[in-house]
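Accompanying notes for the structure given below.
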Amino acid sequence: MKRIIPMALLCGGLLLGAALAGLPAAGQEPFTEIRIQGGKLTSGPKVLRVKQGDTVRLRFTVDKAMEIHLHGYKVERKATPGAPAEMVFPARAAGRFPVEAHAEGAGGGHGHGAGGALLYLEVHPR
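The sequence shown runs -21 to -1, 1 to 105 under mature numbering (1 follows the signal peptide of the UniProt record, and there is no 0).
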């Protein structure tokens, strides 16, 4: 009986540690997962609302190579199939900001898609 209690505590601690391993650190928000297929948003919010001062954490999964651009914040990330793009930044400026996917063009440039914004980031004052 004396050996069962420590063994149960050890197993419980290991299970709890394994469950918490996939969570963000204390005080950190999880990533908002966004999927883009065929140049269109197929999974994720159409409007992401945060408070000014929050840390925004976005992860983009794509079916074609592209650049993801957050207008107003001038944040760009390249995403390829199998290599999601992540954006992590403080929401400093309040307002409504479009997120667009830019097809990789010749010569290292990018062209804006005809579909407009995939989603919007809304940053509200505290």
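Yeah, the Cβ is synthetic: ideal placement off N, Cα and C, and Gly gets one too. Here the structure is a predicted model, which is why all the values come from computation and not from measurement.
Check, Outcome
"Limits of the beta strand (DSSP E) - the one that Tyr99 falls within", "98 to 103"
"Nearest neighbour of Glu46, chosen from His103, Pro60, Lys30, Phe68 [CA to CA]", "Pro60"
"At least 3 beta-carbon pairs within less than 8 Å: the stretch 71 to 79 vs the stretch 37 to 53", "yes"
"Contact set for Arg28: own chain, Cβ-Cβ below 7 Å, skip 5 residues either direction", "Glu101, His103"
"Chain-order list of residues whose beta-carbon lies under 6 Å from that of Gly95 (same chain, five-residue window excluded)", "none"
"Beta-carbon proximity of Ala80 to Ile15, cut-off 8 Å", "yes"
"Check whether Lys30 and Leu98 have beta carbons under 8 Å apart", "no"
"Supposed contact pair Leu37 and Glu8 - C-beta distance, whole angstroms, cut 8 Å", "Going by Cβ atoms, the distance from Glu8 to Leu37 rounds to 11 Å, so no, they are not a contact pair."
"Residue environment, Gly1, which counts as buried when at least 16 other CB atoms sit within 10 Å", "Confidence is the limiting factor: at Gly1 the pLDDT is only 42, short of 50, which leaves the residue's position unreliable and the question unanswerable from this model."
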